[in-house]
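There are 2 protein chains.
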Amino acid sequence: MNFYSMGQSKKEDFTVRENHIARYANALGHPARVAIIRLLLKKKSCICGAIVDEIPLSQSTVSQHLKVLKDAGLIKGEIEGVRVCYCLNEEEWEKAGKYLQELWKEKS
Amino acid sequence: MNFYSMGQSKKEDFTVRENHIARYANALGHPARVAIIRLLLKKKSCICGAIVDEIPLSQSTVSQHLKVLKDAGLIKGEIEGVRVCYCLNEEEWEKAGKYLQELWKEKS
DNA sequence: GAAATTAATCGTAATTTTGCGATGAATTTC
DNA sequence: GAAATTCATCGCAAAATTACGATTAATTTC
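Sequences listed follow chains A and B, in order.
In terms of my numbering, the first sequence opens at residue 1 and continues consecutively.
In terms of my numbering, the second sequence opens at residue 1 and continues consecutively.
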């Protein structure tokens, strides 16, 4: 249920670079996930419950979106007792930014 | 069959900004579409047939991906006789770049 | 005008996505 | 240890995505 099993996709026929970009873009391809990322950009770290409170979707749906972002590598979740503390995966986030930036720089 | 009719999405519950970002990201969320964009970034303009030749997917599937990119505003298609000449929608492309760049700058 | 070319669209199949409520597992708290 | 809290996962429904071949529409070319 992640990017690497979308539709009947043929990812293997595209470059690694194209797959990376698509993978990151795909993770940001839903407003709820953009909203979650923005929360984490602002708050540094955030327990899951707080995210659920901020996003106008059910707990289970928010959990799914968190999973998509986690599978894409953009966020990390750390268990803290009963809670789970989510935060950006800074390295991957920067890497994603670099990939996208480079795409825009490709213009000749 | 575009971003604004995805799943049983609730786009109206998110900010306009979040929707814009998700819309652009969504368009780039498939390696074939990234590949098409890269072609257009390199070649300035490209007739549809040449794109089909470069992308390892059937003509109809490539046509669908072109439609997704066009619906997101990222590319334009101009009829030239029997052919259709595709090119980046420069303004929208820059706008998309700006939106994404700003997202990365939101880190506090 | 018939034949060929080009690209969009149709029809279909398989799979994923999005969403929700319900359930389950893990940890606290009483 | 029972009850409560928290969050992931299950099960389901509706719809979108991805892919393809076949067809259609619009132009050229002969």
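All residues carry an ideal CB built from backbone N, CA and C; glycine is no exception.
The structure displayed is predicted, hence computed values, not measured ones.
Reference residue i; option with closest CA among the options
i                       : options                                 : result
threonine 15 of chain B : A:His20, A:Ala32 and A:Ile21            : A:Ala32
lysine 76 of chain A    : A:Arg17, A:Ala22, A:Asn26 and A:Ile37   : A:Ile37
lysine 95 of chain B    : B:Leu66, B:Cys87, B:Gly73 and B:Ser108  : B:Gly73
tyrosine 24 of chain B  : B:Gln59, B:Cys87, B:Trp93 and B:Val62   : B:Trp93
leucine 100 of chain A  : A:Leu28, A:Glu12 and A:Lys11            : A:Leu28
serine 120 of chain B   : B:Val84, B:Glu80, B:Lys44 and B:Ile21   : Because residue 120 of chain B is not part of the residues shown, which for chain B are 1 to 108, the question remains open.
glycine 97 of chain B   : B:Ser108, B:Glu12 and B:His20           : B:His20
valine 52 of chain A    : A:Ala22, A:His65, A:Val82 and A:Lys44   : A:His65
lysine 44 of chain B    : B:Cys87, B:Glu102 and B:Glu91           : B:Cys87
valine 34 of chain A    : A:Ser108, A:Glu18 and A:Glu54           : A:Glu54
glutamate 18 of chain B : A:Leu39, A:Ala22, A:Glu18 and A:Lys11   : A:Leu39
leucine 103 of chain B  : A:Leu41, A:Lys107, A:Lys70 and A:Leu103 : A:Leu41
First and last residue of the uninterrupted beta strand (DSSP E) at residue i
i                         : result
isoleucine 109 of chain A : A question about residue 109 of chain A goes unanswered here, because the residues of chain A that appear run from 1 up to 108.
glycine 77 of chain A     : 75–80
Residue i at chain B interface by Cβ criterion, 8 Å
i                        : result
lysine 76 of chain A     : no
asparagine 2 of chain A  : Because the pLDDT at asparagine 2 of chain A is just 48, under 50, the model does not fix this residue reliably, and the point stays unresolved.
glutamate 102 of chain A : no
glycine 73 of chain A    : no
lysine 95 of chain A     : no
Residue interval of the alpha helix (DSSP H) (run including residue i)
i                        : result
lysine 43 of chain A     : 31–43
glutamate 160 of chain A : Beyond the ends of chain A as shown, which are 1 and 108, falls residue 160 of chain A; an answer cannot be given.
glutamate 12 of chain B  : No alpha helix (DSSP H) holds glutamate 12 of chain B; DSSP gives it neither H nor E.
Beta carbon proximity, residue i to chain A, threshold 8 Å
i                       : result
serine 108 of chain B   : yes
serine 5 of chain B     : Bear in mind that the predicted position of serine 5 of chain B carries a pLDDT of just 45, short of 50, making it unreliable; the figure below should be weighed with that in mind. No, serine 5 of chain B does not count as interfacial toward chain A.
glutamate 91 of chain B : no
valine 34 of chain B    : yes
glutamate 54 of chain B : no
task = Count the C-beta pairs between the region 39–49 of chain B and the region 35–53 of chain A that are closer than 8 Å, then say yes if the count reaches three, no if not.
result = no
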